Amino acid sequence: MLPLLLFVAAMPKSTNEAPANLRETIEVFRADESGLQRVYAQPLSENRRERLRAFYADRLKALQTLDFGALGFDAQVDSVLLRNYIERESHQLELDAKEQARYAPLIPFAKSIVELEESRRRFEEPDPEKAAGVLNALIKTLKELKPQLGEKLKAKKYEGNQAFLAIRGLRNTLKSWFEYFNGYNPMFTWWCAEPFKLADAELKSYSDAVREKIVGVKADDEDAIVGNPIGREALIAELKYELIPYTPEELLKIADREYAWCEKEAKRAAHDMGYGDDWKKALERVKNDHVAPGEQPEYIRFLANEAVDFLEAHDLITVPELAKEDWRMEMMSPERQRVNPFFLGGESIIVSFPTDTMTHEEKLMSLRANNKHFSRATVFHELIPGHHLQGFMNARYKPYRRMFGTPFWTEGWALYWEMLLWDLDFPKTPENRMGMLFWRMHRCARIIFSLKFHLGEMTPQECIDFLVEKVGHERASAEGEVRRSFNGSYPPLYQLAYMIGGLQFRAMHKELVESGKMTNRAFHDAILHENNMPVEMVRAILTKQKLTPDFHSIWKF
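So for the sequence shown, this note's numbering puts the first residue at 13; every next one is plus one.
Here it is in structure tokens:
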């Protein structure tokens, strides 16, 4: 129990100390958690689940021994953030267990593979003959199961996809186990080399069969979008831990309201461009206004400098000189552009633009999707004052809080700047306005299609059609956006976090800046100095709200 002792030792020694923060406590917690996750790395392992359950219960108990009232304000904030994090991770363990139970009948052999790997991680010497017997039994089981798929062995499409992904992980686990001993233990290689080769082939064959017979997707179809809708109950739980006091239905109404505003403004921009109310026709003209192949990097550099000049001219935020200097640029591969049709940002801005290996149609779509006005509306989102500046400041101010990060803070902040710069007349032309409105419509649509998918009300194809119809996406870009949303790389609330987080920051700006309580610079600097966390906690800090150990969301923004 040394990690727990270290954690307790990192807690304040007495109520009289009133520590400024719980940095050491949080850093010990994070180091312990990371260590356990590296040792218990197999997500299907019941041992992993039990060990993490005990770990979180111990840490929560230790945290509850604190005299909350005796803590300094920053330490109270840290305590609330850590409690929320532990409770969320504990809850996620139970959700994962329930989800795995739903597709467990498709992978009854999983335990045997997990036990081989966990035995290795316990540094137990293998019994080569016994291990070969386990592999041989696995081969027989897989051969018996495969003909039953779609007949005796049935499951829902999404459960089948989760099983398919789990089998892919199990193949990697089995390979890792085998390669650890192979060649280093001669008897192991003599007994297990051939059974492993056959078992790996059967796992591949079985996973392909699951994908085709249960999921309904060809085994080699890399473009298929399936996803895993989590349902209303899980959405509400996720919102609770993000400190968002709204139901999915209420968030959908907010999205509809914001979309209506965007559509009204798009018609105004279209009118100014000479297209009357036909904003889609105006959008088509904007899409065709792009730089020539090879010129996009220079154009992005120009846009990055333009945004910084605007921020400084209006005294909106402190931009350190090094932050202007230390960002980089890379070009995105054609393969990555299938998932990310637009450029990405951070310390490196990753440019999405046509390459010579694309088909003619792909080149045209990429040019249109990354036109001058769409790019102008997003370079500052990705660089300064958006993601690059966020990362720069996160590394320098209260970095121990980064473990509490949330897309509502990360993406919400960047989207909020799109709103604020609109209000400050950053767009110079109707075409600029249309470019900004495209993205704002896109954020509204993300709320709608992602929530309705997870509520079981929209299929991935309907999500693609929705983006094309309601936002004006190129179809290839819409497919990439939906693929990105549901391929498992992003949590279920990620796509709605842009607009909802942006509205949270905007509401705070109205409360604190427009009321005259803070300047723009002081407000924005203060947010970045507190690091990444649920946005309601940022508000609690800036307003010096009285906190309690069981702080929960009440802010209707």
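Just so it is clear, CB atoms sit at the ideal spot from N, CA and C, and this is done for glycine as well.
Please read all numbers here as calculations on a predicted model, not as lab measurements.
Proximity winner among the options, relative to residue i (alpha-carbon distances)
i: residue 459; options: 217, 291, 247; result: 247
i: residue 483; options: 547, 148, 504, 452; result: 452
i: residue 116; options: 177, 97, 145; result: 177
i: residue 466; options: 244, 300, 136; result: 244
i: residue 9; options: 127, 285, 65, 136; result: Only positions 13 to 569 of the chain appear in the structure, and residue 9 is not among them; the question remains open.
i: residue 464; options: 260, 210, 93; result: 260
i: residue 427; options: 413, 395, 411; result: 395
i: residue 571; options: 375, 359, 358; result: No information on residue 571 is available, as it lies outside the stretch 13 to 569 that the chain covers here.
i: residue 419; options: 547, 338, 98, 371; result: 547
i: residue 397; options: 524, 289, 317, 515; result: 317
i: residue 41; options: 471, 59, 319, 68; result: 68
i: residue 349; options: 469, 491, 165; result: 491
i: residue 169; options: 239, 289, 127; result: 239
i: residue 513; options: 39, 456, 173; result: 456
i: residue 192; options: 212, 155, 255, 128; result: 128
i: residue 450; options: 59, 430, 565; result: 430
i: residue 107; options: 268, 61, 373; result: 61
Residues of its chain near residue i, where Cβ-Cβ distance is below 7 Å and the 5 sequence neighbours each way are ignored
i: residue 205; result: 194
i: residue 446; result: 278, 281, 294, 295, 298, 385
i: residue 250; result: 504, 505
Separation of residue j from residue i, as counted between CA atoms
i: residue 132; j: residue 198; result: 16 Å
i: residue 364; j: residue 383; result: 11 Å
i: residue 567; j: residue 51; result: 40 Å
i: residue 529; j: residue 554; result: 11 Å
i: residue 378; j: residue 366; result: 6 Å
i: residue 537; j: residue 569; result: 21 Å
i: residue 497; j: residue 508; result: 10 Å
i: residue 499; j: residue 493; result: 10 Å
i: residue 46; j: residue 357; result: 26 Å
i: residue 121; j: residue 506; result: 33 Å
i: residue 135; j: residue 216; result: 28 Å
i: residue 523; j: residue 284; result: 33 Å
i: residue 503; j: residue 165; result: 29 Å
i: residue 312; j: residue 219; result: 43 Å
i: residue 253; j: residue 100; result: 6 Å
i: residue 274; j: residue 256; result: 23 Å
i: residue 515; j: residue 306; result: 36 Å
Three-state secondary structure assigned by DSSP to residue i
i: residue 342; result: strand
i: residue 83; result: coil
i: residue 363; result: strand
i: residue 505; result: coil
i: residue 395; result: coil
i: residue 251; result: helix
i: residue 161; result: strand
i: residue 356; result: strand
i: residue 453; result: helix
i: residue 302; result: coil
i: residue 526; result: coil
i: residue 197; result: coil
i: residue 14; result: Residue confidence is low: residue 14 scores 45 on pLDDT, short of 50, so the model does not pin down where it sits. No coordinate-derived value is stated.
i: residue 382; result: coil
i: residue 540; result: helix
Proximity of residue i and residue j at Cβ, strictly below 9 Å
i: residue 90; j: residue 37; result: yes
i: residue 184; j: residue 416; result: no
i: residue 75; j: residue 63; result: no
i: residue 519; j: residue 444; result: no
i: residue 221; j: residue 150; result: no
i: residue 539; j: residue 563; result: no
i: residue 138; j: residue 208; result: no
i: residue 334; j: residue 432; result: no
i: residue 462; j: residue 475; result: yes
i: residue 2; j: residue 34; result: For residue 2 there is no data in the structure shown, the boundaries of the chain being 13 and 569.
i: residue 81; j: residue 241; result: no
i: residue 181; j: residue 346; result: no
i: residue 343; j: residue 309; result: yes
i: residue 59; j: residue 111; result: no
i: residue 413; j: residue 300; result: no
i: residue 265; j: residue 214; result: no
i: residue 438; j: residue 322; result: yes
Other residues of its chain near residue i: CB distance less than 8 Å, five sequence neighbours each side excluded
i: residue 167; result: 114, 115, 117, 118, 175, 226
i: residue 399; result: 357, 358, 393, 422, 426
i: residue 336; result: 320, 396
Close Cβ partners of residue i (< 6 Å) along its chain, the five nearest in sequence each way excluded
i: residue 163; result: none
i: residue 210; result: 151
i: residue 229; result: 223, 236
i: residue 72; result: 98
i: residue 148; result: 207
beta-carbon residue i near the ligand GTP non-hydrogen atom, thresh 8 Å
i: residue 140; result: Absence of the ligand GTP from the depicted structure is noted, as is the absence of any ligand whatsoever, leaving it without description.
Within-9 Å CB hit, residue i to chain C
i: residue 108; result: Looking at the structure shown, chain C is missing, and only one protein chain is on hand.
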